[in-house]
């Protein structure tokens with residue numbers, strides 16, 4: 196059973212009614228690279244948190260490498276084997292979000308540098324990234340992005356109330372955990388653990 200999106204692309208309806216799940220006939224390398232970039236961002240945040248907490252290097256590597264590797268493998272299976280990507284129903288909004296995200300990061304970097312508050316850059320960066328996930332969830336019709344973005348904003352805001360180095364510990368580990376948890380839920384919602392089916396539609 197099929198229905199049309201606003202951009203004219205057909206999407207396959209699945210038995211549980213989750214309209215976010217679909218299949219395509221081509222591998223989604225762009226989506227995979229985007230998700231890997233998000234996981235790299237989470238790894239950087241977790242590393243900053245581990246440094247602030249003075250964790251041993253071996254423990255830091257294990258805590259970051261295990262979830263990152265598992266999630267990368269999950270996204271690779273979803274996008275390259277099962278071919279069930281997340282498709283934006285509003286590409287213009289998606290592009291605006293990406294542009295505004297970079298503008299916000301530049302503004303945060305300039306403000307923290309001019310006011311000599313570089314310690315607040317990472318919490319502010321987390322808040323900007325978190326806020327960008329909210330409209331991105333609307334563009335993708337994926338509520339997980341909305342909840343994940345809200346969690347990151349909340350964690351970043353709370354971390355600013357803490358003294359050094361605790362605010363970086365909370366912001367670092369909290370942001371990474373939110374991204375890892377959100378990524379795992381997205382993979383589950385995409386039907387990662389369902390058997391692969393023959394591709395039936397093409398998205399251009």
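Residue numbers (the numbering used here): 196 to 399. The beta-carbon is built from N, C-alpha and C at its ideal position, and this holds for glycine as well.
Secondary structure of residue i, DSSP reduced to three states
{"i": "residue 235", "result": "helix"}
{"i": "residue 343", "result": "helix"}
{"i": "residue 249", "result": "coil"}
{"i": "residue 358", "result": "coil"}
{"i": "residue 293", "result": "helix"}
{"i": "residue 267", "result": "helix"}
{"i": "residue 276", "result": "helix"}
{"i": "residue 282", "result": "coil"}
{"i": "residue 310", "result": "coil"}
{"i": "residue 216", "result": "With a pLDDT of only 47 at residue 216, under 50, the local geometry of the prediction cannot be trusted, and the value read off the model is given with reservation. Residue 216 falls in the coil class under three-state DSSP."}
{"i": "residue 364", "result": "helix"}
{"i": "residue 221", "result": "coil"}
{"i": "residue 385", "result": "coil"}
{"i": "residue 380", "result": "helix"}
Contacting residues, own chain, Cβ-Cβ under 8 Å from residue i (five flanking each side not counted)
{"i": "residue 242", "result": "255, 259 and 367"}
{"i": "residue 382", "result": "266, 269, 270 and 273"}
{"i": "residue 360", "result": "247 and 248"}
{"i": "residue 231", "result": "267 and 270"}
For residue j and residue i, believed in contact at Cβ under 8 Å, the rounded distance
{"i": "residue 387", "j": "residue 295", "result": "With a Cβ gap of about 30 Å, residue 387 and residue 295 do not count as contacting."}
{"i": "residue 344", "j": "residue 325", "result": "5 Å"}
{"i": "residue 244", "j": "residue 320", "result": "About 13 Å separates the two Cβ atoms, so there is no contact after all."}
{"i": "residue 237", "j": "residue 375", "result": "6 Å"}
Close Cβ partners of residue i (< 7 Å) along its chain, the five nearest in sequence each way excluded
{"i": "residue 338", "result": "332"}
{"i": "residue 285", "result": "334"}
{"i": "residue 357", "result": "365"}
{"i": "residue 330", "result": "288 and 292"}
Cβ neighbours of residue i in the same chain (closer than 6 Å, five flanking residues each side left out)
{"i": "residue 307", "result": "313, 315 and 316"}
{"i": "residue 322", "result": "348 and 351"}
{"i": "residue 377", "result": "339 and 343"}
{"i": "residue 328", "result": "340, 343 and 344"}
{"i": "residue 380", "result": "339"}
{"i": "residue 371", "result": "237, 240 and 241"}
With a cut-off of 8 Å, do at least 3 Cβ pairs link the stretch 218-236 to the stretch 267-276? Touching, yes, given that three or more Cβ pairs across the two stretches are closer than 8 Å.
Give a yes or no on contact between the stretch 290-309 and the stretch 349-366, applying the rule of three or more CB pairs nearer than 8 Å. Touching, no.
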